[in-house]
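Residue numbers (our numbering), protein chains in the order written: chain L, 19 to 471; chain P, 89 to 725. Structure, as structure tokens:
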């Protein structure tokens, strides 16, 4: 009867291990679609309370090596089949695991929904209960304005435009239904079809522009460039060291470059290793430099490393001139200078004092990258970004509802039924913007239409 | 001085649409019932439109009827014209609208009340609700009569501190020249009830012979003699001969009308700050429409006859509280009304209402057990909303008198449930009007199946009489038979007649066999086609066939809504203890806690619908309930 829900069980932040919990009758079925256990025989025996090691995959792409624990109904936290996936590699991998589960038919759990299920199945552990209440009340304090806060910037206008479109469409339908004798302008089927198409287009654009903000999903395509021996490799190594962590490597995405994935402040960088740039007569080296220029051209973020205190080479100058909107200039080895160099900005590029050796400037780099991603100033981010997985899930579901409405319209289904899908779409979009459906609808009807006896 | 004036099981104060249903329900449930009205000649009066129904409201009338209420029957009997609205928009929103003979409606309703042996009616002004040591004792009238009862239903409409406004003229008064109740609101406040103030309005009435009807577009009734009641009713005026129905007339205001209004806006009480009450957005006055929709060249108006023989005409769409001289000017600027004779001016009325969050879902005032409120007094608008609440309150007062559990209608069972649930949990910010878009299970709450949803419940209470029950059970059996028949009847592709019927409605021909059930799921196929193919269907009532068609055609969608209802049903089953102390529950949000304390929901489902209560609050409540349950177990062991 009930559907299967999934959510990140660990806190939403950087941690070395994240746990994704999935609960409901479809839990095993969903996991079977994306988990290849090391010991398949044991997995197939469906042993309860057992840990399984294996690969978690989205179709052919291996996302991570994970540990899965299986607790079958009724002996689980919620009283339903519960599977918990422990993955390493930070939020990025956790998101991909979560997204894969959603793709395979799970639904993103609402706040407190696991607790709710545990409650209805008489499973609530009283020791846990107190902790749960603490958690929820903390959420109560902080979450009120969260939905709207996340909508700052470019995103809000896009989502709001989409929601307005759907709200208006529903208002037309509902005003026509509830006030048939008033002088209400009614939508005919063609006009409704146009409105739905527009909504679908907007939603698709948003999803494309986002794809977990595409960046959070695929990573921000980043090149590290600079003259030979300026410290590119050291930076790369520094970024990939420690818990900053290699997330995963996806071989074969490009033929001759190796791409590394690095998580900086919750944002995934898809790092492309490049050859040093300088004038060269060596044929092989020139081919490498050619490739570097191509990579720079494609890149969404360029980390240009220069030697602090030295003049810009013509190549460095050229990069700044051409791509100033996505360049961060790292003045490396700033620690060996006696004076902090005076920075003259050429265009829109950002200059950071830096030292790979002494770990100077990493925090500011992280901050700068975050700033660019969230304020939408990187090339890719001209389109607004939907960062939150819940928002994406809501948007996707809203898009689905709009498509259902379009299908119903084409099949000649009457308005009372068709309106259900449009209303669901509005509910989904309202979840993103944190607004009330019923109140907005009435407000829209009464503002837009002159109704009254 | 007070005198003992008698003792009753249930007293109903007010004889508008809520009061009539409440009094009849209580009397029919075998309670000795007293109905007190300000004016015996104003029982069941329609102070506004001479009509019943429309979307959601028509649904309500059918629900009232399905439960054994009176409005549907009297509405049918006194109808001047019937129209089924929204027929092109799907079965869930088909909505019956009936023009009524205002006088006839009131007279017939009064006759029904007077005829009931357990119902006493008296004309008096109630000034005091008597409560001693928290116990409801009865009511006291202005003339000192003390009527005792442990159960009182208040349905005093817009009469609490009523104030009429026509331009600069303002005076204390209820609708239609009635006196107003001044002391009762104070009595309610003294009992700790929180009151609010609303405003509503009504248009001018004019003389039929002063209208040039050639300038209006005629709007006749339908050719099908629709009725509200599931009982075999018919109009006393036109019987079943729909050609005899009285038409309405459609016209428009002009830019000249709007100029007049704009020029006189400084005299409009609505804009001069004279009106403090909040008016409904869905029922704006003409001055409001002209201001808010300034670019509109014309606004639609309907001329509605107030009766079969009456010369009075109601102008729907022209509600106003402008000064009387301006009303004349406005009217004369409308094509066809150049020579208009005004019978009664339009007016605005302000009145006190009881903030409905103080009620339980049985419409009982939580602070004063035994006191029920219903109708416009609860901040709603509309005859139908009032009658529905009156019925519910009357039933619950009677059940309480008999020490039985209250009768509560769920949102998934009826618009009556949506209405009361909204009132209590969401509160009102303007006079509340029911709309189909307020219902989340609209596909299930259809007007055609109101009896299937509610008549059995009405029978359980004891309000559905044998005759109605017999008709109902017959219908239900027939419905099953028809559905069974459709399931069993399979048409062969070789059946010539079958293929001909298909092609007659441009339906795709079939190659294999097809059952009637599958066939009628096609959008272009209706019962009409099936009747040609299955002779046995002629034995069944049209109503039954229509019902079977809707249930079969839309089964997929309907089942989906049922699944959703079931998903939420668990929440309704988790009861919250009566003595729950919200201030002691850790982890609730500040607003959530406050709203929970205000409304005191009976179960988790209701709690989740209270505005201001978050899903996280609900989780906290669940944890709390579970703790409590375990705690109790421990205590017991």
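Note that the Cβ used here is the ideal one computed from N, Cα and C, for glycine as well. These numbers come from a predicted model, not from an experiment.
So is residue 176(L) in contact with chain P if we call contact Cβ pairs under 8 Å? no
Given that residue 178(P) touches chain L, what residues does it touch there, using C-beta distances under 9 Å? 195, 431, 432, 433, 434, 435, 436, 437
For a cutoff of 8 Å on Cβ pairs, would you count residue 469(L) as touching chain P? yes
Starting from residue 192(L), find everything on chain P with Cβ-Cβ shorter than 9 Å and list it in chain order. 523, 524, 525
Can you tell me where the beta strand (DSSP E) holding residue 225(P) begins and where it ends? 223-229
Starting from the C-beta of residue 333(L), find all residues in its chain whose C-beta is less than 6 Å away, skip the five residues before and the five after it, and write them out in chain order. 295
Flag residue 531(P) as yes if its beta-carbon sits less than 8 Å from any beta-carbon of chain L, otherwise no. yes
Less than 8 Å between CB atoms is the rule here; does residue 707(P) satisfy it with respect to chain L? yes
When the Cα atoms are used, what is the spatial distance from residue 705(P) to residue 131(L)? 12 Å
Assigned exposure category for residue 246(P) - 16 Cβ within 10 Å defines buried: buried
Cβ-based burial, residue 292(P) [other Cβ within 10 Å; buried from 16]: buried
Using the rule of at least 16 other Cβ atoms within 10 Å of the residue's Cβ for burial, across every protein chain shown, is residue 537(P) buried or exposed? buried
Can a CB atom of chain L be found closer than 8 Å to the CB of residue 144(P)? yes
Opposite residue 25(L) in the DSSP bridges: which residues? 39(L)
Name the residue from 243(P), 238(P), 197(P) whose alpha carbon lies nearest to the alpha carbon of residue 488(P). 238(P)
Could you check whether the Cβ of residue 173(P) sits closer than 8 Å to any Cβ belonging to chain L? yes
Select from 159(P), 155(P), 336(P), 507(P) the residue whose C-alpha is nearest the C-alpha of residue 140(P). 159(P)
What residues of chain P sit near residue 134(L), judged by a beta carbon separation below 7 Å? 707, 710
Answer yes or no: does any C-beta atom of chain P fall closer than 8 Å to that of residue 459(L)? yes
Three-state secondary structure assigned by DSSP to residue 159(P): helix
Straight-line CA distance for residue 257(L) to residue 313(L)? 19 Å
Residue of 433(L), 111(L), 94(L) minimising C-alpha distance to residue 18(L): What is shown of chain L runs 19 to 471, which leaves residue 18(L) out entirely.
DSSP puts residue 184(P) in a beta bridge; with which residues? 172(P)
Do residue 749(P) and residue 567(P) have their CB atoms nearer than 8 Å? No information on residue 749(P) is available, as it lies outside the stretch 89 to 725 that chain P covers here.
Mind pulling the chain L residues with CB within less than 9 Å of residue 190(P)? The premise fails here: residue 190(P) is roughly 15 Å from chain L at the closest Cβ pair, so nothing lies under 9 Å.
Mind checking which residues open and close the alpha helix (DSSP H) that includes residue 108(P)? 105-116
Residue environment, residue 560(P), which counts as buried when at least 16 other CB atoms sit within 10 Å: buried
Tell me the residue span of the beta strand (DSSP E) that contains residue 141(P). 139-141
What beta strand (DSSP E) runs, 3 residues minimum, are completely inside the stretch 585-643 of chain P? none
Using Cβ-Cβ distances below 9 Å, what residues of the stretch 350-384 of chain P are close to chain L? 368, 369, 370, 371, 372, 373, 374, 376, 377, 380, 381, 384
Applying a beta-carbon distance threshold of less than 8 Å, which residues of chain L neighbour residue 387(P)? 201, 468
Three CB pairs or more closer than 8 Å across the stretch 512-526 of chain P and the stretch 112-128 of chain P: no
Between the C-alpha atoms of residue 194(P) and residue 290(P), what's the straight-line distance to the nearest angstrom? 19 Å
Return yes when the Cβ of residue 607(P) is within less than 8 Å of the Cβ of residue 597(P), no when it is not. no
7 Å Cβ cut-off: residues of chain L touching residue 181(P): 195, 434
CB contact below 8 Å: residue 142(L) versus chain P: yes
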